[in-house]
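K.L.:
Below is a structure I'd like to ask you about.
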Amino acid sequence: DTGVSQDPRHKITKRGQNVTFRCDPISEHNRLYWYRQTLGQGPEFLTYFQNEAQLEKSRLLSDRFSAERPKGSFSTLEIQRTEQGDSAMYLCASSYRDFGAYEQYFGPGTRLTVT
Amino acid sequence: SQQGEEDPQALSIQEGENATMNCSYKTSINNLQWYRQNSGRGLVHLILIRSNEREKHSGRLRVTLDTSKKSSSLLITASRAADTASYFCATEGRMDSSYKLIFGSGTRLLVRP
Chain A
12 DTGVSQDPRH KITKRGQNVT FRCDPISEHN RLYWYRQTLG QGPEFLTYFQ
62 NEAQLEKSRL LSDRFSAERP KGSFSTLEIQ RTEQGDSAMY LCASSYRDFG
112 AYEQYFGPGT RLTVT
Chain B
538 SQQGEEDPQA LSIQEGENAT MNCSYKTSIN NLQWYRQNSG RGLVHLILIR
588 SNEREKHSGR LRVTLDTSKK SSSLLITASR AADTASYFCA TEGRMDSSYK
638 LIFGSGTRLL VRP
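So the protein sequences, as listed, match chains A and B. Following the working numbering from start to finish, the first sequence increments by one per residue and tops out at 126. Following the working numbering from start to finish, the second sequence increments by one per residue and tops out at 650.
So this is what it looks like as structure tokens:
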């Protein structure tokens, strides 16, 4: 299967620790997105990459968050000094965009619990 | 923040009945998409309707779009227990070069066998 994969699927960490999540998009997709979803809410946009360039970051992405997409392939999202408010599902999505309308393909998500 | 609201927040129906969910949004859009999410999992794309389209069908799904009212509806006909999930509408902003999706708050659908 060549869908979007995320690792790990679940992460429990103590407040103040750093965590890193990985996303492997569909191989031919040039756009990669990170979203965050809290319980009972829809996903909220965090940041997006076109190839290796990070082109937009949401105000939700505080300076404790950093994302990379080296060589335009997989992406990592790191949260430093985690806080309990960071507990959420972190979703990655990818799409191929040339022109026209294309759907985004989502991974299964990484559920983060900060204790 | 969310783009808009979905209505109802929760819906419980009997298997075989139709389910209708509504979505309102705030800004001009390129397209509107509907996604399904099963209990704490990733989102699955259901259907995309462009801003110049008014209605679209896919299997048991029917989506309408009224850009003058900034609203959309998703109809699931002849529902099945397997349709139990949360349904989200998401919009792609017209002036947004990132093509990011802005999601609504979702409708939780329960289909009783």
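Glycine included, each C-beta is placed from N, C-alpha and C at the ideal position.
(1) Can you check the segment 62–116 of chain A for any beta strand (DSSP E) of at least 3 residues that lies completely inside it and give the ranges in chain order?
(2) Output, in chain order, the set of chain B residues within a Cβ distance shorter than 7 Å of residue 59 of chain A.
(3) Per DSSP, residue 37 of chain A forms a beta bridge with which residues?
(4) Give a yes or no on whether 9 Å exceeds the smallest Cβ distance from residue 125 of chain A to chain B.
(5) So, is the C-beta of residue 622 of chain B closer than 9 Å to a C-beta in chain A?
(6) Give the residues from the segment 569–590 of chain B that approach chain A closer than 8 Å (Cβ to any Cβ), ordered along the chain.
(7) Can you determine whether any heavy atom of the ligand SAM sits closer than 8 Å to the C-beta of residue 16 of chain A, and answer yes or no?
(8) Would you tell me roughly how many angstroms separate the C-alpha atoms of residue 598 of chain B and residue 573 of chain B, rounded to the nearest one?
(9) With a threshold of 16 other CB atoms inside 10 Å of the CB of residue 631 of chain B, please say whether the residue is buried or exposed.
(10) Find the nearest neighbour of residue 641 of chain B within the set B:650, B:588, B:616 and B:608, judged by alpha-carbon distance.
(11) Is any beta-carbon of chain C found at less than 9 Å from that of residue 596 of chain B?
P.N.:
With the given structure in hand:
(1) Counting only runs of 3 or more, we get 64–68, 76–79, 86–90 and 99–106.
(2) Here residue 59 of chain A corresponds to residue number 48 of the first sequence, with the count starting at 1. 635 and 637, listed in chain order.
(3) Within the first sequence, numbered from 1, the residue matching residue 37 of chain A stands at position 26. For residue 37 of chain A, DSSP assigns no beta-bridge partner whatsoever.
(4) Here residue 125 of chain A refers to the residue found at position 114 when the first sequence is read from its first residue. No - not a single Cβ of chain B is within 9 Å of the one on residue 125 of chain A.
(5) Here the question's residue 622 of chain B lines up with position 85 in the second sequence. Using a Cβ-Cβ cut-off of 9 Å, residue 622 of chain B does not count as an interface residue toward chain A, since no Cβ of chain A sits closer than that to its own.
(6) Identification of residues in the segment 569–590 of chain B having a C-beta nearer than 8 Å to some C-beta of chain A yields 570, 572, 577, 578, 579, 580, 581, 582, 585 and 587, given in sequence order.
(7) As for the ligand SAM, it is missing from this structure, which has no ligand bound.
(8) For this step, residue 598 of chain B is matched to residue 61 along the second sequence. For this step, residue 573 of chain B is matched to residue 36 along the second sequence. Taking the straight line joining both Cα atoms gives about 12 Å.
(9) Within the second sequence, the letter at position 94 stands for residue 631 of chain B. Here residue 631 of chain B is exposed, its C-beta having fewer than 16 other C-beta atoms within 10 Å.
(10) As a first step, residue 641 of chain B must be located in the second sequence, where it is residue number 104. Answer by Cα proximity: B:608.
(11) The chain labelled as chain C is not found among the protein chains of the depicted structure, namely A and B.
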